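Trainee:
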Amino acid sequence: MFLDRQLQAALKAAEFYSGPIDGVFGADSWNAADQALRSIGVDADNWPLSRTRVAWEQWAMKSVGIEVGNADGLISPSTLFAYEQWQNYQRDFTPTTEEIAHLKRIWPRQADMRDFYGKPGSGHVQLDLPYPMRCAWNKSHIIESINIHGKCAQSAGLIFGRVLEYYGYERIRQLGLDLIGDCYANRAMRGGKALSTHAYACAIDINPGANKLRWGQDRAAMASIDCEMFVKAFEDEGWISIGRERNYDWMHFQAARF
4 MFLDRQLQAA LKAAEFYSGP IDGVFGADSW NAADQALRSI GVDADNWPLS RTRVAWEQWA
64 MKSVGIEVGN ADGLISPSTL FAYEQWQNYQ RDFTPTTEEI AHLKRIWPRQ ADMRDFYGKP
124 GSGHVQLDLP YPMRCAWNKS HIIESINIHG KCAQSAGLIF GRVLEYYGYE RIRQLGLDLI
184 GDCYANRAMR GGKALSTHAY ACAIDINPGA NKLRWGQDRA AMASIDCEMF VKAFEDEGWI
244 SIGRERNYDW MHFQAARF
């Protein structure tokens, strides 16, 4: 459920780790995670890696006040519920500059969206799409343009144009990459308290039915190798894939940094 970068950030915040937050979980990260478990009386030396990994994640959730029960490396109902609370926590948590240093500095941070994009509901344009898309919840409804903020409209157009050139329309349909959910929606984040990036019309959801909010890379279609280039097209324009960065909400792409 966690990505290595998230574990490193949690270990660093608790002062068990002093290395870079680079997503490379090497010996220093491993030793730090082991120390974190020992600090709460857990010895995982004889556990298989899969169980140890879950225990690290349980410790990380405990470190921010999420009730998870014992850090025993077992995925119990309380652990599954804790994972949902962790996702909610991430939605309202502002990471350090170091944690997002790998992201391109093209778009504002979420905390600065109002300064950059203006009042929610303002600055919108209609972006003509390079290929017809289908409404995710009514697939017979064809969408040829979307309501999006003017500051990120050209970038979105370039992304979809590149996707069409790479995949072709037939393959796009096969992969469900033409199924569009929200773009503009003036609401709070699902599972969070702050306004969603959708409220600023700088986010797009793709194929939500196959990339449900709580699903990780083990289930989400967008995490597959077939969709690798689709995700990269957004990342090359500085947009964030929530799935790639936090391993949930794989449908969601936004022109805003955390």
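Sequential numbering from 4 applies to the sequence shown in the numbering used here.
Every residue gets a Cβ at the ideal spot worked out from N, C-alpha and C, and that includes glycine.
Only a predicted model underlies this, so the values are computations on that prediction, with no experimental measurement involved.
Measuring CA to CA, which of E238, N250, A236 is closest to A226?
Mentor: N250
Trainee: Note down, in chain order, each residue of its chain lying with its Cβ closer than 6 Å to the Cβ of M7, except the 5 sequence neighbours on either side.
Mentor: In the sequence as displayed, the identity of residue 7 is Asp instead of Met. If we look at D7 and ignore the five residues flanking it on each side, its Cβ neighbours are G26, F28.
Trainee: What residue range does the beta strand (DSSP E) around Q206 cover?
Mentor: Per the sequence shown, the amino acid found at residue 206 is Ala instead of Gln. Taken as a continuous stretch (DSSP letters only), the beta strand (DSSP E) holding A206 covers 206-208.
Trainee: Using DSSP's beta-bridge definition, name the partner residues of D131.
Mentor: S148
Trainee: Anyone know if the C-beta pair for R190 and A202 falls short of 8 Å?
Mentor: yes
Trainee: Measuring only the C-alpha atoms, how far is W140 from D46?
Mentor: 48 Å
Trainee: What did DSSP end up calling K65 once you bin it into helix, strand or coil?
Mentor: K65 falls in the helix class under three-state DSSP.
Trainee: What residues match up with L198 in a beta bridge as DSSP calls it?
Mentor: A191
Trainee: Please look up how many angstroms separate the CB atoms of R260 and P111, rounded, as I've assumed it's under 8 Å.
Mentor: 7 Å
Trainee: Just to check my reading of the structure: G22 and S32 have Cβ atoms closer than 8 Å, yes? What is that Cβ distance to the nearest angstrom?
Mentor: 7 Å
Trainee: Is it true that the CB of A35 sits closer than 8 Å to the CB of S158?
Mentor: no
Trainee: Would you be able to state if there are at least three C-beta pairs under 8 Å between the stretch 92-104 and the stretch 222-241?
Mentor: With the cut-off at 8 Å, the stretch 222-241 and the stretch 92-104 do not touch.
Trainee: So, helix, strand or coil for L52, using DSSP?
Mentor: helix
Trainee: For the pair the stretch 173-191 and the stretch 136-150, tell me if three or more CB-CB distances fall below 8 Å.
Mentor: yes
Trainee: Do F237 and I162 have their C-beta atoms within less than 8 Å of each other?
Mentor: yes
Trainee: DSSP on I265, reduced to helix/strand/coil?
Mentor: The structure shown does not extend to residue 265, since the chain spans only 4 to 261, so no value can be given for it.
Trainee: CA-CA distance, Q177 and S199?
Mentor: 29 Å
Trainee: Relative to the C-alpha of H127, which candidate in M116, N150, F84 has its C-alpha closest?
Mentor: N150
Trainee: Quick check on N91: does DSSP put it in helix, strand or coil?
Mentor: Under the three-state reduction of DSSP, N91 is assigned to helix.
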